[in-house]
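What follows is a short report on a single structure.
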Amino acid sequence: MRTVRNIFALLIIAALVVPPAASQEKDPPAIAARSATPVVIPRLEHAVVFDGLSEEAAWKDIPAFFMTMMLPNYGFPPSEKTEVLVGFDNEFLWVAGRLYDREPAKIQARSKKRDLQEASSDFFAVIFDTFNDKENALSFSTTPTGLRWDAAIYNDGQTHLPQDEPFNLSWNTFWDVRVVVNEKGWFVEMQIPLSSLRFQGKDGQVIMGFTAYRWIARKNENDVFPAIYPKWGFMSAFKPSQAQEVTLQGLRSRNPLYVAPYVLAGAGYSYDLNYEETEYVYSKAPPAELGVDVKYGLSSNLTLDVTLNPDFAQVEADDQQVNLTRYSLFFPEKRLFFQERASIFDFSFGAYSRLFYSRRLGLYEDEEEGINQAIPIYGGVRMIGRAGAWDLGFMDMQTAPYEEEGVPSENFGVIRLRRRILNPYSYVGGMITSRVGADGSYNEAYGLDGILRLSGDNYLTFGWAQTFEDGRKNNPVSLDPTRLRIAYERRTQQGFGATVGLSRAGKDYVPGMGFEWREDFMAARAELLYGWIPGEKSSLQSHSIRAEGMLSLRNSDHSIESAELGPGWEFNTKSGWGGRLEYQFRRESLVELLEFSDETSVPPGEYAFSGFRGFFHAPMGGLLGAMSMVEAGSFYDGWRATFRIMPNWSILPDLNLSGQYEYNRVKFPERRQELIAHLVMIRLLATLNTKFSILTFVQYNGAEDLAIGNIRLRYNPREGNDLYLVYNEILNTDRLGKIPYPPRSGGRALLLKYSYTFNF
76 MRTVRNIFAL
86 LIIAALVVPP
96 AASQEKDPPA
106 IAARSATPVV
116 IPRLEHAVVF
126 DGLSEEAAWK
136 DIPAFFMTMM
146 LPNYGFPPSE
156 KTEVLVGFDN
166 EFLWVAGRLY
176 DREPAKIQAR
186 SKKRDLQEAS
196 SDFFAVIFDT
206 FNDKENALSF
216 STTPTGLRWD
226 AAIYNDGQTH
236 LPQDEPFNLS
246 WNTFWDVRVV
256 VNEKGWFVEM
266 QIPLSSLRFQ
276 GKDGQVIMGF
286 TAYRWIARKN
296 ENDVFPAIYP
306 KWGFMSAFKP
316 SQAQEVTLQG
326 LRSRNPLYVA
336 PYVLAGAGYS
346 YDLNYEETEY
356 VYSKAPPAEL
366 GVDVKYGLSS
376 NLTLDVTLNP
386 DFAQVEADDQ
396 QVNLTRYSLF
406 FPEKRLFFQE
416 RASIFDFSFG
426 AYSRLFYSRR
436 LGLYEDEEEG
446 INQAIPIYGG
456 VRMIGRAGAW
466 DLGFMDMQTA
476 PYEEEGVPSE
486 NFGVIRLRRR
496 ILNPYSYVGG
506 MITSRVGADG
516 SYNEAYGLDG
526 ILRLSGDNYL
536 TFGWAQTFED
546 GRKNNPVSLD
556 PTRLRIAYER
566 RTQQGFGATV
576 GLSRAGKDYV
586 PGMGFEWRED
596 FMAARAELLY
606 GWIPGEKSSL
616 QSHSIRAEGM
626 LSLRNSDHSI
636 ESAELGPGWE
646 FNTKSGWGGR
656 LEYQFRRESL
666 VELLEFSDET
676 SVPPGEYAFS
686 GFRGFFHAPM
696 GGLLGAMSMV
706 EAGSFYDGWR
716 ATFRIMPNWS
726 ILPDLNLSGQ
736 YEYNRVKFPE
746 RRQELIAHLV
756 MIRLLATLNT
766 KFSILTFVQY
776 NGAEDLAIGN
786 IRLRYNPREG
796 NDLYLVYNEI
806 LNTDRLGKIP
816 YPPRSGGRAL
826 LLKYSYTFNF
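Take a look at the structure:
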């Protein structure tokens with residue numbers, strides 16, 4: 076392994092000594108106008124006729140923003156003309172989009188469901204960095220069908236892992252849209268209540284960041300205002316740091332009071348393995364539940380949420396996964412209560428490791444036992460916002476006991492503070508978390524973190540935290556309860572880019588409200604890349620070569636626990652094809668049995684192996700698109716092969732079929748062990764209009780011998796007025812030889828939920 080260590084050291088040295096790409100090549104000059112001073116957004120002097128057309132007197136004297144092509148050829152005039160107008164009055168922020176198209180019959184619109192935006196549909200989006208913090212923003216988007224899609228953007232569009240999306244797609248707010256399609260193209264008016272926006276003014280003036288974006292599906296074309304060079308890939312247009320500053324004079328906040336009671340009725344049951352794991356216990360779901368959510372705007376930039384007996388029956392089930400790693404699986408948060416400005420609570424140590432993970436609240440998860448159980452929440456309070464240069468967040472929730480697993484009623488609390496320093500792109504912050512059980516158990520944590528923009532695309536990130544838990548030594552001057560990370564990043568996909576980091580977690584670091592992949596380790600990680608954006612004459616949109624390495628050591632004896640090293644190439648074409656090819660050398664040291672199933676495992680020992688992995692995606696602008704992945708190679712003392720395909724078929728504007736099939740095969744010939752696991756997911760979405768949808772979601776996980784079905788009907792006549800009818804079914808598909816013997820049906824429920832939001 077001396078060779079691996081030497082190569083890894085060279086990766087780190089290269090990151091530090093290779094001069095930044097900015098000194099080797101410069102970005103092309105901006106083509107479209109970008110004002111160095113904020114552009115004035117005018118107050119509307121006349122009433123808007125909310126019909127989508129923007130032809131009335133209110134829009135007559137409003138200046139238009141014009142777009143520049145970003146992809147496939149940066150700086151070129153757009154193939155179709157677009158005009159964007161923005162204004163405001165005492166109640167709303169108004170946006171008008173005039174999206175001309177010389178071939179209106181070819182305009183693509185494939186969905187009507189709220190928050191389902193497919194690349195096979197044309198769409199128009201505006202992004203507002205309402206606090207002008209160059210890091211967070213809110214995106215409002217629509218398609219020619221008039222659907223609403225809103226999302227929160229965080230961390231300036233930068234993700235912790237390549238497969239992540241820097242959008243919080245579960246965030247929803249109150250707003251409306253009207254769309255008209257005619258012989259000239261399609262036309263949009265957005266009505267965004269000021270009460271739905273949090274912002275900070277000074278001397279009667281509010282400064283925001285603003286970006287407008289258009290996607291023409293049949294041409295694989297992205298147009299944007301202001302002109303943004305695509306050196307960050309697709310996310311370039313959604314980076315708050317690249318937005319045009321705009322000023323709104325005399326904009327006054329409206330502090331809303333929303334009260335949203337709900338009623339839930341239905342019937343159902345579940346079979347859960349008891350604490351002793353001797354039998355499955357039948358439990359019946361309560362016939363009815365009542366609860367209420369309250370949201371109050373304390374000021375233009377501070378929001379208070381209170382919930383009593385919240386229920387999340389309408390939340391879509393987690394996607395099943397097959398785990399062939401040493402790590403726990405990570406699932407995203409989908410519950411609405413935790414969504415508004417959720418990035419304030421982001422305290423990351425890279426990848427999925429974090430000090431606060433909201434799924435610890437109200438969910439009991441035990442991957443080894445296959446348990447993923449919702450725990451009732453009695454109630455909670457959440458406050459987020461900004462005071463001066465400070466971002467602040469506070470949350471406190473009380474959960475019910477989960478007696479089957481011996482989990483007591485618990486109180487969860489978190490306090491988060493962050494402050495801008497040095498420049499608009501840097502901050503330092505702190506967090507405190509507390510988890511206290513009714514039986515006297517406790518887990519507490521505190522930490523400091525920050526992101527510092529050194530210059531241009533160069534950033535330094537750091538984090539430090541300690542945890543204290545009953546039954547442990549809890550020595551604050553020791554490294555045992557401590558988590559550390561420091562990393563240098565050069566955030567670009569053109570020229571030289573890099574991420575180089577060092578991290579450590581002590582043996583007593585246990586984030587009771589967080590998520591951690593490993594225990595008691597010290598690690599170094601480096602990713603180096605060099606990327607090109609070839610220009611007009613090339614069929615390639617962009618491509619890059621990269622090398623990645625990781626070395627993880629045990630703290631106890633500094634022996635190697637894991638090591639990874641390998642090259643890769645990533646590409647995207649102007650026609651919409653793309654992919655990534657990787658070859659990876661790995662070494663793993665196991666001190667205990669690693670189980671993939673009841674019949675397949677790897678004994679303790681030292682293992683060296685390697686393999687190939689490829690990701691590919693077809694153009695997504697057509698009716699049929701697909702993404703795929705293939706992986707094969709040696710695997711510990713055997714071999715593995717994995718294939719995954721994720722097709723998406725827009726059958727009709729009212730009907731969409733998507734799915735995933737994954738085949739996993741692991742074989743250890745010397746031990747005569749073999750695992751074959753199929754993973755199947757099918758989603759069928761039918762929409763009668765933008766208010767009514769039916770989603771059928773069926774999953775089969777061969778590794779867990781589970782089949783899960785979910786049918787969800789939603790009627791949403793307006794924001795805050797929701798009727799859900801949900802049917803859930805869980806089946807155990809292979810029961811032979813299992814002790815205790817599981818029932819055929821693991822659970823079944825038919826639920827009706829209605830909620831109505833009163834606006835005071």
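Be aware that the sequence shown starts at 76, since it is given in the working numbering, and climbs by one per residue.
Just so it is clear, CB atoms sit at the ideal spot from N, CA and C, and this is done for glycine as well.
Quantities reported herein were computed from a predicted structural model and do not represent experimental measurements.
The beta carbon of F646 sits closer than 7 Å to the beta carbons of L615, H618, G653, G654 from its chain, once the five residues preceding and following it are set aside; these are given in chain order. Excluding five sequence positions before and after Y831, the CB atoms of its chain that fall closer than 6 Å to its own CB belong to N796, given in chain order. Contact between A540 and G525 is absent: CB atoms are separated by about 13 Å, not below the 8 Å threshold. The beta-carbon separation of T217 and F199, rounded to 6 Å, stays under the 8 Å limit for a contact.
Assignment of beta-bridge partners to D780 by DSSP yields no partner. A residue is called buried when at least 16 other Cβ atoms come within 10 angstroms of its Cβ; R747 does not meet this threshold and is exposed. Cβ-Cβ distances below 6 Å link A716 to A707, R740 in the same chain, with the five nearest sequence neighbours on each side left out; the list follows chain order. Contact check for P728 against A184 passes: the beta carbons are separated by less than 8 Å. Note on geometry: alpha-carbon atoms of L377 and D231 lie some 21 Å from one another.
Bounds of the beta strand (DSSP E) holding G341 are 332-348.
Note that the C-beta distance between L665 and P679 is below 8 Å. By a beta-carbon distance limit of 8 Å, R189 contacts N791. Their separation comes to about 6 Å. Within the region 224-285, complete beta strand (DSSP E) segments of at least 3 residues are found at 224-228, 251-257, 260-268, given in chain order.
Residue pairing by DSSP places R566 opposite no residue, since no beta bridge is assigned to it. Beta-carbon to beta-carbon, Y439 and I450 are separated by about 5 Å, close enough to satisfy the 8 Å threshold. Residue range 713-727 is occupied by the beta strand (DSSP E) that includes P722. The beta carbon of W724 lies closer than 6 Å to those of L699, L732 in the same chain, with the five residues before and after it left out. By the Cβ-count criterion, V201 is buried, with 16 or more other Cβ atoms from all chains shown falling within 10 Å of its own Cβ. Take V397, set aside five residues on each side of it, and the residues of its chain with a beta-carbon closer than 6 Å to its own are N739, A752, L754, A778, in chain order. With respect to the 8 Å criterion, A340 and L827 are classified as neighbours on the basis of their beta carbons. Residue pairing from DSSP leaves Q192 without any beta-bridge partner. Scanning the region 536-591 for uninterrupted beta strand (DSSP E) segments of 3 residues or longer gives 557-565, 570-580, listed from N- to C-terminal end.
Taking C-beta atoms under 8 Å as the contact rule, P305 and Y149 qualify, at a distance of about 6 Å.
Under the DSSP assignment, T675 falls outside any beta strand (DSSP E); it carries neither an H nor an E label. DSSP lists no bridge partner for L698.
Secondary structure note for L628: its beta strand (DSSP E) is the uninterrupted segment 615-629.
The beta-bridge partner set that DSSP reports for N518 consists of R510, E544. By the neighbour-count criterion, in which 16 or more other beta carbons inside 10 Å mark a residue as buried, W465 falls on the exposed side. Within the same chain, and ignoring the five residues on either side of L379 in sequence, the residues whose Cβ sits closer than 6 Å to its Cβ are Y371, L373, M458.
Between the region 354-361 and the region 808-825 there are three or more inter-stretch CB-CB distances shorter than 8 Å, so the stretches are counted as touching.
When secondary structure is reduced to three states using DSSP, P305 falls in the coil class, being assigned neither helix nor strand. According to DSSP, S423 shares a beta bridge with R429. Closest option to T286, judged by alpha-carbon separation, among M145, E130, E166, K259: M145.
A Cβ-Cβ contact shorter than 8 Å links E657 with R688. The three-state reading of DSSP puts Q317 in helix, counting H, G and I together. At least 8 Å separates the beta-carbon of A598 from that of V575.
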